[in-house]
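Trainee: Before anything else, here's the structure in question.
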Amino acid sequence: MRPSILDELSFAGYRAFRQFIPDQRNREPLTWGTVPNAFIYMLPYLFMAYLARRADTYPIRLLFLPTVIATTIRCTFQYSIESPELAHLDWVRGLAALATIAKALNFALTKNGRFRIGETKLPRINETLQSDYSTPAVDSNEDVLQAKIHRQPFLPLWLRDALELGLPLRGVGWDYGRGLFVPPINRSLQKGPFLKATALSILQYALLLDFCDSLVKLYPGVGPHGGSLFLPNLPLYIRYTLSTIVHALAGTIIIASVRLGYELCAWIAVGFLDHAPLSWPPILNSPWAATSLHDFWARRWHQALRHVFFVYGGYPGRWIGGRPGMVFGVFLASGLFHELGIYVAGKGFDHRVSLFFVLQVVGIFVEEAWKKLWGKPVGGLSGRLWTALWILGLGQICTDAWLARGVGGAILSPSSLSPTKRLLWPILKGTLHSKV
Numbered sequence: 001m002r003p004s005i006l007d008e009l010s011f012a013g014y015r016a017f018r019q020f021i022p023d024q025r026n027r028e029p030l031t032w033g034t035v036p037n038a039f040i041y042m043l044p045y046l047f048m049a050y051l052a053r054r055a056d057t058y059p060i061r062l063l064f065l066p067t068v069i070a071t072t073i074r075c076t077f078q079y080s081i082e083s084p085e086l087a088h089l090d091w092v093r094g095l096a097a098l099a100t101i102a103k104a105l106n107f108a109l110t111k112n113g114r115f116r117i118g119e120t121k122l123p124r125i126n127e128t129l130q131s132d133y134s135t136p137a138v139d140s141n142e143d144v145l146q147a148k149i150h151r152q153p154f155l156p157l158w159l160r161d162a163l164e165l166g167l168p169l170r171g172v173g174w175d176y177g178r179g180l181f182v183p184p185i186n187r188s189l190q191k192g193p194f195l196k197a198t199a200l201s202i203l204q205y206a207l208l209l210d211f212c213d214s215l216v217k218l219y220p221g222v223g224p225h226g227g228s229l230f231l232p233n234l235p236l237y238i239r240y241t242l243s244t245i246v247h248a249l250a251g252t253i254i255i256a257s258v259r260l261g262y263e264l265c266a267w268i269a270v271g272f273l274d275h276a277p278l279s280w281p282p283i284l285n286s287p288w289a290a291t292s293l294h295d296f297w298a299r300r301w302h303q304a305l306r307h308v309f310f311v312y313g314g315y316p317g318r319w320i321g322g323r324p325g326m327v328f329g330v331f332l333a334s335g336l337f338h339e340l341g342i343y344v345a346g347k348g349f350d351h352r353v354s355l356f357f358v359l360q361v362v363g364i365f366v367e368e369a370w371k372k373l374w375g376k377p378v379g380g381l382s383g384r385l386w387t388a389l390w391i392l393g394l395g396q397i398c399t400d401a402w403l404a405r406g407v408g409g410a411i412l413s414p415s416s417l418s419p420t421k422r423l424l425w426p427i428l429k430g431t432l433h434s435k436v
């Protein structure tokens, strides 16, 4: 029997889909030799960023957008890391690809292009335009601060524009970053002292990451092939006490990883690329000190992906349902973002992660209702306990979903380079044996 047109179209669609997203077993190994191929999508993406810094390029950006998206998806899914202990790097690659697509969408769909705070016009392609950046037209102290961010003079203007718009995530100093909470800078803005303080911070967070990761590795059943946060053979109070401790350690690992990566970038950028320390404000703002869910997500947690979540969920949600729709869309996008990212590693989906992020909307709306009812926001000690209930309590479903897919077995600090494994554990074992 000859297949119908619908069958042929379905088969063709499936083949086309698999050209961009091959089945896990058909992907090529990611090696040092194939790394350039896996990230070659950055070239068309940075060209899109360059176009967004030039006037009258809106039609070109719209036409070029499918190329950027298709190249990003193809390059990301074409390769896979074979070692289960390094599969988390595929997760990171997936998140990077999703962030790239979100920013490309924004660059392409913003008709007039992207402006620095204080700029009023953009040059055309191949046009030399005296920038009005040195005399920013700003109307608030926050904008004045952001408008002072240094620009690197030693790169050609076209490359400088592409890199400075394409690589940052938060949007500090850019029009799309207006309204962003930027934590206060807590170190010297002089280059030498800033580099010393940043180097010390790198060392501190590297040691903290190594210590917490080494502790989590001791938890029974945690490994690259799966595991669980909850040990079913233990009494309930011990089971959930241990799960809370491990969950808190996992959160500390995330905080230390984010801080470590950011501080390394800041040290390199200020030390070697002539960035001003002012352009590298803190990425986190003492998340453990949060006194409400709103405080945690809007001011304490990192805002690196804020604009990405607005593109994927916040703006569509606001169009559909106003501000409530925007809040729901942002958190839904956050949950799906984390899950689609780990899909690159071939770990499948676990919708408990999306559920955790969507439920944050409920907590935030409860806080708003509380403020309307009592005339004051959630805060103080009760606010900290409330936040802990949502983050340290409910958040365990998120950590368990990741441990079940082997994330707990990721090699974050190799044993040969781990001070905790090579020094602290042997010292503790020797001390315990001497007392027995």
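Counting in full-length UniProt numbering, the sequence shown runs from 1 upward without gaps. Cβ atoms here follow ideal geometry from the backbone N, Cα and C, with glycine treated the same way.
Count the other CB atoms, across all protein chains shown, that sit within 10 Å of the CB of Ala369; report buried if there are 16 or more and exposed otherwise.
Mentor: Position 369 of the sequence shown holds residue 369. So Ala369 counts as exposed.
Trainee: Keeping to the same chain, check which residues put their C-beta closer than 8 Å to that of Asp132; ignore five residues upstream and five downstream.
Mentor: Translated into positions along the sequence shown, residue 132 becomes position 132. Unreliable positioning characterises Asp132 in this predicted model, as indicated by a pLDDT of 48, which lies under 50. The coordinate reading is nonetheless provided below. Cβ neighbours of Asp132 beyond the five flanking positions: Gly118, Glu119, Thr120, Lys121.
Trainee: In whole angstroms, give me the CA-to-CA distance for Gly379 and Ile60.
Mentor: Residue numbering aside, residue 379 sits at position 379 when the sequence shown is read from its first letter. Residue numbering aside, residue 60 sits at position 60 when the sequence shown is read from its first letter. Going from the Cα of Gly379 to the Cα of Ile60 covers about 49 Å.
Trainee: Who are the near neighbours of Pro29 in its chain, counting only those whose CB is closer than 8 Å to its CB and skipping five residues on each side?
Mentor: For this step, residue 29 is matched to residue 29 along the sequence shown. For Pro29, where only same-chain residues beyond five positions count, the Cβ hits under 8 Å are Tyr79, Ser80, Ile81, Glu82.
Trainee: Whole angstroms is fine: what's the gap from Ile268's alpha carbon to Leu332's?
Mentor: The residue you call residue 268 lines up with position 268 of the sequence shown. The residue you call residue 332 lines up with position 332 of the sequence shown. Rounded to the nearest angstrom, the two C-alpha atoms are 34 Å apart.
Trainee: Go to Val353, then tell me how far its alpha helix (DSSP H) extends in each direction, as first and last residue.
Mentor: Residue numbering aside, residue 353 sits at position 353 when the sequence shown is read from its first letter. Val353 -> alpha helix (DSSP H) spans 352-374.
Trainee: Between the Cα of residue 488 and those of Ser243, Tyr41, Ser201, spot the shortest distance and give me the residue it belongs to.
Mentor: Any answer about residue 488 is impossible in this case: the structure gives the chain only from 1 up to 436.
Trainee: Count Cβ pairs between the segment 32-44 and the segment 68-75 that sit closer than 8 Å; are there 3 or more?
Mentor: Touching, yes, given that three or more Cβ pairs across the two stretches are closer than 8 Å.
Trainee: Could you check whether Leu392 and Ala276 sit closer than 8 Å to each other, using their CB atoms as the reference points?
Mentor: As a working note, residue 276 is residue 276 in the sequence shown. As a working note, residue 392 is residue 392 in the sequence shown. No, these two residues do not count as a Cβ contact at 8 Å.
Trainee: Roughly how many angstroms lie between the CA atoms of Val144 and Arg114, to the nearest whole one?
Mentor: Mapped onto the sequence shown, residue 144 falls at position 144. Mapped onto the sequence shown, residue 114 falls at position 114. Residue placement at Val144 is poorly supported in this model, since its pLDDT is 48, which falls under 50; the coordinates still yield a value, given next. Whole-angstrom Cα-Cα distance: 18 Å.
Trainee: Run through DSSP, which three-state label would Ser10 get?
Mentor: Within the sequence shown, residue 10 is the residue found at index 10, counting from 1. In the structure shown, Ser10 sits in a helix (DSSP, three-state: H, G or I).
Trainee: Distance, Cα to Cα, Pro107 vs Ala410?
Mentor: One-based indexing of the sequence shown puts residue 107 at position 107. One-based indexing of the sequence shown puts residue 410 at position 410. Sequence check: residue 107 is Phe here, not Pro. Roughly 34 Å separates the two Cα atoms.
Trainee: Using DSSP with H/G/I as helix, E/B as strand and the rest coil, what is Ala223?
Mentor: Position 223 of the sequence shown holds residue 223. Ala is not the amino acid found at residue 223; the sequence shown has Gly there. DSSP places Gly223 in strand when its eight states are reduced to three.
Trainee: Would you kindly work out how many angstroms separate the C-alpha atoms of Pro65 and Met48, rounded to a whole number?
Mentor: Taking the first residue of the sequence shown as 1, we reach residue 65 at position 65. Taking the first residue of the sequence shown as 1, we reach residue 48 at position 48. Correcting the residue type first, residue 65 is Leu in the shown sequence and not Pro. Near 8 Å, if we compare the C-alpha coordinates of Met48 and Leu65.
Trainee: Helix, strand or coil for Ser80, going by three-state DSSP, please let me know.
Mentor: Taking the sequence shown and counting its residues from 1, the one referred to as residue 80 is at position 80. Looking at Ser80 - three-state DSSP - the assignment turns out to be strand.
Trainee: Cutting at 7 Å between CB atoms, please list the residues of its own chain near Phe230, excluding the five before and the five after it.
Mentor: Locating residue 230 in the sequence shown gives position 230, counting from the first residue. The answer, listed in chain order, is Arg239, Ser243, Asp400.
Trainee: Spatial neighbours of Ser228 within its chain, please: C-beta separation below 7 Å, excluding the five flanking residues on both sides.
Mentor: Indexing the sequence shown from 1 puts residue 228 at position 228. The answer, listed in chain order, is Gly221, Asp400, Leu403, Ala404.
Trainee: Taking the C-alpha atoms as reference points, what is the distance between Val308 and Ala99?
Mentor: Taking the first residue of the sequence shown as position 1, residue 308 is located at position 308. Taking the first residue of the sequence shown as position 1, residue 99 is located at position 99. Looking at the two C-alpha atoms, the distance is approximately 6 Å.
Trainee: Looking at the structure shown, is Trp32 part of a helix, part of a strand, or coil, going by DSSP?
Mentor: Numbered from its first residue, the sequence shown carries residue 32 at position 32. Of the three classes helix, strand and coil, the one that applies to Trp32 here is coil, per DSSP.
Trainee: Could you have a look at Trp158 and say whether DSSP puts it in helix, strand or coil?
Mentor: For the purposes of this step, residue 158 is identified with residue 158 of the sequence shown, where counting begins at 1. Helix, per DSSP.
Trainee: Give a yes or no on whether the minimum CB-CB distance between Pro3 and chain D is below 8 Å.
Mentor: No chain D appears in the structure shown, which is made up of a single protein chain.
Trainee: Please classify Phe194: is it buried, with 16 or more other beta-carbons within 10 angstroms of its beta-carbon, or exposed?
Mentor: One-based indexing of the sequence shown puts residue 194 at position 194. Flag for Phe194 reads buried.
Trainee: Is the distance from the Cβ of Leu165 to the Cβ of Arg54 below 8 Å?
Mentor: The residue labelled residue 165 in the question sits at position 165 within the sequence shown. The residue labelled residue 54 in the question sits at position 54 within the sequence shown. Cβ distance not < 8 Å, so Leu165 and Arg54 don't count as in contact.
Trainee: By the 10 Å Cβ neighbour count, where 16 or more other Cβ atoms means buried, how is Lys103 classified, buried or exposed?
Mentor: Residue 103 sits at position 103 when you count from the first residue of the sequence shown. Buried.
Trainee: I'd like the list of long-range same chain contacts for Met326, defined as Cβ closer than 6 Å, with 5 residues on each side in sequence excluded.
Mentor: In the sequence shown, residue 326 corresponds to position 326, counting from 1. Contacts found: Gly314, Gly317, Arg318.
Trainee: Could you check what DSSP says for Arg2 in three-state terms: helix, strand or coil?
Mentor: Within the sequence shown, numbered from 1, the residue matching residue 2 stands at position 2. Of the three classes helix, strand and coil, the one that applies to Arg2 here is coil, per DSSP.
Trainee: Which partner residues of Trp174 appear in the DSSP bridge assignment?
Mentor: Locating residue 174 in the sequence shown gives position 174, counting from the first residue. In DSSP, Trp174 forms a bridge with Arg116.
Trainee: Looking at the structure shown, is Thr135 part of a helix, part of a strand, or coil, going by DSSP?
Mentor: Looking up residue 135 in the sequence shown gives position 135. Here Thr135 scores only 46 on pLDDT, less than 50, and its place in the model should not be relied on; the value that follows carries that caveat. Residue state, collapsed to three classes: coil.
Trainee: Could you give the residue range of the alpha helix (DSSP H) that holds Trp91?
Mentor: By one-based count along the sequence shown, residue 91 stands at place 91. It spans 87-109 - the alpha helix (DSSP H) in which Trp91 sits, taken as one unbroken run.
Trainee: If contacts are defined as beta-carbon pairs under 8 Å, then Asn126 and Pro282 qualify, I think. What distance do you get, rounded to the angstrom?
Mentor: Locating residue 126 in the sequence shown gives position 126, counting from the first residue. Locating residue 282 in the sequence shown gives position 282, counting from the first residue. Between Pro282 and Asn126 the Cβ distance is about 39 Å, and since that is not below 8 Å, they are no contact.
Trainee: Quick one, which of Arg2, Thr420, Pro3 has its alpha-carbon nearest Val216's?
Mentor: As a working note, residue 216 is residue 216 in the sequence shown. Answer by Cα proximity: Thr420.
Trainee: Give the DSSP-derived three-state secondary structure of Trp301 in the structure shown.
Mentor: Counted from its first residue, the sequence shown places residue 301 at position 301. Three-state result, Trp301: coil.
Trainee: Ordered along the chain, which non-local residues of its own chain (more than five positions away) have a Cβ less than 8 Å from that of Leu260?
Mentor: As a position in the sequence shown, residue 260 is number 260, starting the count at 1. Answer for Leu260: Ile202, Tyr205, Ala206, Leu209, listed in chain order.
Trainee: Can you list, in chain order, the residues of its chain whose CB lies under 8 Å from that of Leu264, leaving out five sequence neighbours each side?
Mentor: Position 264 of the sequence shown, counted from the first residue, corresponds to residue 264. So the qualifying residues of the chain are Ile202.
Trainee: If the criterion is Cβ atoms closer than 8 Å, does the pair Ala304 and Arg170 meet it?
Mentor: Here residue 304 refers to the residue found at position 304 of the sequence shown. Here residue 170 refers to the residue found at position 170 of the sequence shown. A contact, by the Cβ cut-off of 8 Å.
Trainee: From the DSSP output, in three-state form, read off Ala289 for me.
Mentor: Residue numbering aside, residue 289 sits at position 289 when the sequence shown is read from its first letter. It is helical.
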